[in-house]
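K.L.:
Each residue of the sequence shown is one higher than the last, beginning at 521 in this note's numbering.
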Amino acid sequence: MPAAEPSDRSAAWWHPAVVAATCGGIGRAPVAPGTWGALAGVAVAAALARLQLDPLVEGAMLVGANLAAIPLCTAAARRLGTDSDPGAIVLDECASLPLGLLVVPATTRSPVLLATAFILHRFFDILKPFPCRQLERLPAGLGIMADDWAATAWMALLLGVARGWQWL
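1) Using the three-state DSSP reduction, which class does tryptophan 515 fall into: helix, strand or coil?
2) Who are the Cβ neighbours of alanine 596 in its own chain at under 6 Å, not counting the five residues just before and after it?
3) Identify which residue in Ala637, Leu600, Val583 has its Cα closest to the Cα of tryptophan 534.
4) Would DSSP call histidine 641 helix, strand or coil?
5) Taking 8 Å as the cut-off, does the segment 640 to 649 touch the segment 575 to 594 (at least 3 CB pairs, one atom from each stretch)?
6) Between arginine 683 and the rest of its own chain, which residues show a CB-CB distance below 7 Å, the 5 nearest in sequence each way excluded?
7) Verify the CB distance criterion: does glycine 584 have a CB-CB separation below 8 Å to chain C?
8) What are the boundary residues of the alpha helix (DSSP H) that includes proline 618?
9) Around the Cβ of serine 616, are there at least 16 other Cβ atoms within 10 angstroms (buried) or fewer (exposed)?
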């Protein structure tokens with residue numbers, strides 16, 4: 521796909537899909553936009569924990585949000601002139617991190633646990649262990665989301681182990 525013209529690119533930032541995929545512009549942060557997106561995910565997870573929803577309801581909401589993010593990220597990436605994962609798209613971090621916290625009961629999501637989840641998610645999202653790197657090669661929005669789902673799975677696995685050993 522050809523890159524968007526500069527004037528088109530400025531207008532693209534205001535397209536609804538781009539606003540959503542950048543989490544209201546958080547992704548435009550000049551430094552570490554993915555980190556800011558993951559922090560937004562921590563805020564979402566903390567808010568959901570305070571609501572103390574039925575775990576099935578919370579899970580359905582998060583799965584729905586993650587599935588809806590696929591076409592949003594596809595549309596946003598194309599508006600920004602690419603089919604790959606532009607750094608400004610941070611909906612993948614924001615939506616996937618709370619999904620991984622489903623392994624932890626809402627009543628036990630302490631600040632320490634949320635900080636640990638944040639650090640683990642960023643670690644695996646940056647390191648991209650198997651299968652993260654392979655999944656990011658999937659087309660458009662699916663690839664944008666899938667590598668973060670894999671990072672989230674690693675995060676959830678370690679959180680589950682830490683809870684099982686009563687480290688958290």
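Built from N, CA and C at the ideal position, the CB exists for glycine as well. Everything numeric in this text was worked out from a predicted model, so none of it was measured.
P.N.:
For this structure:
1) In the structure as shown, the chain starts at 521 and stops at 688, and residue 515 therefore has no counterpart that could be examined.
2) In the same chain as alanine 596, and ignoring 5 residues on each side of it, the C-beta atoms closer than 6 Å to its own belong to Ala537, Val538, Ala541, Ile609, in chain order.
3) Of the candidates Ala637, Leu600, Val583, the one whose C-alpha sits nearest the C-alpha of tryptophan 534 is Leu600.
4) Three-state DSSP puts histidine 641 in a helix.
5) Too few Cβ pairs lie closer than 8 Å, so no.
6) Cβ within range, chain order: Val624.
7) Any reference to chain C falls outside this structure, which holds one protein chain only.
8) Run containing proline 618: 611 to 620, per the alpha helix (DSSP H) assignment.
9) So serine 616 ends up on the buried side.
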